[in-house]
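A.B. asks: Numbering (the UniProt record's numbering), first residue to last: 1 to 265. Before we start, here is the structure in question, set down as structure tokens.
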């Protein structure tokens, strides 16, 4: 009897932001293959009897590791197990979920996708930054800051987006900021970097594109950065949304949140 593979989005980190479907699938899983960006708090919700396999990737090994991951998914599914492929954010947003789905479909393995909240949406929102705002920004674009051999090919096409969200762009932030200025973005435009969103270590750093381009901003990955006028309209935020933002650097929410099953009381 063939098993089934679930491509599950773990969201940005806080387990309280998981969907109910994701929680139920994790509780029923027999094998879980999880990525580097899946938070320990989310892993606590996995069926305690399930086999956990870490498949985090590092630069330069992604192609090889991806093939190994797909082979593992196939082998466990063919043995009749309920297999969860657990990814940070949403499995179909820079998560290679489509590749894994196609590979498994070629081998007649049933696949169910469980969407997750992408950090591209969650990080700005929880930092009090609206991606769209009446009279300020009516659209936004999301781009990955990583590309083989240089800048993302799509950067020129999205450079003029009213709000630009950059994922995986910490390492190349200086190069990206310089390119955006060359492509017409204003050097004084506000930029926000949201580090480790939804975790106890969340930090928000607000600056300008020129300062980023000059290498004057110290930021740690993982972080999402947001560029555009909406950053200047950042709303008061903090624990339970009641703490006023501090200038330049803001230390975010103080707790990840208890496991879902413990919140009923």
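By construction, the Cβ of each residue, glycine as well, lies at the ideal position given by its N, Cα and C atoms. Predicted model, so just to flag it, every value in this text is computed and none were measured.
1) Would you report the Cα separation of residue 266 and residue 154, rounded to the nearest angstrom?
2) May I ask you to report which of helix, strand or coil DSSP gives residue 50?
3) Could you check if residue 94 is buried or exposed, using at least 16 other CB atoms within 10 Å of its CB as the buried criterion?
4) Give every residue of the same chain whose Cβ lies closer than 6 angstroms to the Cβ of residue 18, excluding the five residues on either side of it in the sequence, and list them in chain order.
5) Indicate the three-state DSSP secondary structure (helix, strand or coil) for residue 94 in the structure shown.
6) Mind pulling the beta strand (DSSP E) runs of 3 or more residues that sit fully within the stretch 189-216?
7) Could you have a look at residue 24 and say whether DSSP puts it in helix, strand or coil?
8) Is the distance from the Cβ of residue 38 to the Cβ of residue 53 below 8 angstroms?
9) What residue ranges within the stretch 86-131 form continuous beta strand (DSSP E) runs of no fewer than 3 residues, ordered along the chain?
10) In whole angstroms, what separates the C-alpha of residue 97 from that of residue 91?
11) Can the beta-carbon of residue 213 be found less than 8 angstroms from the beta-carbon of residue 174?
12) Counting along the chain, where does the alpha helix (DSSP H) carrying residue 33 start and finish?
13) Measure the C-alpha to C-alpha separation of residue 261 and residue 40 and round it to an integer number of angstroms.
C.D. replies: For this structure:
1) The requested residue 266 does not occur in the structure, where the chain is confined to residues 1 to 265.
2) For this step, residue 50 is matched to residue 50 along the chain shown. Looking at residue 50 - three-state DSSP - the assignment turns out to be coil, as it is neither helix nor strand.
3) Position 94 of the chain shown, counted from the first residue, corresponds to residue 94. Buried is the label assigned to residue 94, since at least 16 other Cβ atoms lie within 10 Å of its Cβ.
4) Within the chain shown, numbered from 1, the residue matching residue 18 stands at position 18. 11.
5) One-based indexing of the chain shown puts residue 94 at position 94. Coil.
6) As far as the stretch 189-216 is concerned, its whole beta strand (DSSP E) runs of at least 3 residues are 190-195, 203-208.
7) To locate residue 24, count along the chain shown from 1; it is residue 24. The DSSP-derived three-state label of residue 24 is helix.
8) On the chain shown, position 38 is the one that residue 38 refers to. On the chain shown, position 53 is the one that residue 53 refers to. Their beta carbons are not under 8 angstroms apart, which means residue 38 does not touch residue 53 by this criterion.
9) Secondary structure remark: continuous beta strand (DSSP E) runs of at least 3 residues inside the stretch 86-131, in chain order: 110-114.
10) One-based indexing of the chain shown puts residue 97 at position 97. One-based indexing of the chain shown puts residue 91 at position 91. If you take the alpha carbons of residue 97 and residue 91, they lie about 5 angstroms apart.
11) In the chain shown, the residue the question calls residue 213 occupies position 213. In the chain shown, the residue the question calls residue 174 occupies position 174. In this structure, residue 174 lies closer than 8 angstroms to residue 213 by Cβ.
12) Position 33 of the chain shown, counting from 1, holds the residue named residue 33. Per DSSP, residue 33 lies in no alpha helix (DSSP H); the unbroken beta strand (DSSP E) holding it starts and ends at 31-34.
13) The count along the chain shown starts at 1 and reaches residue 261 at position 261. The count along the chain shown starts at 1 and reaches residue 40 at position 40. With a pLDDT of only 48 at residue 261, under the threshold of 50, the placement of this residue in the model should not be trusted; the figure read from the coordinates follows. If you take the alpha carbons of residue 261 and residue 40, they lie about 16 angstroms apart.
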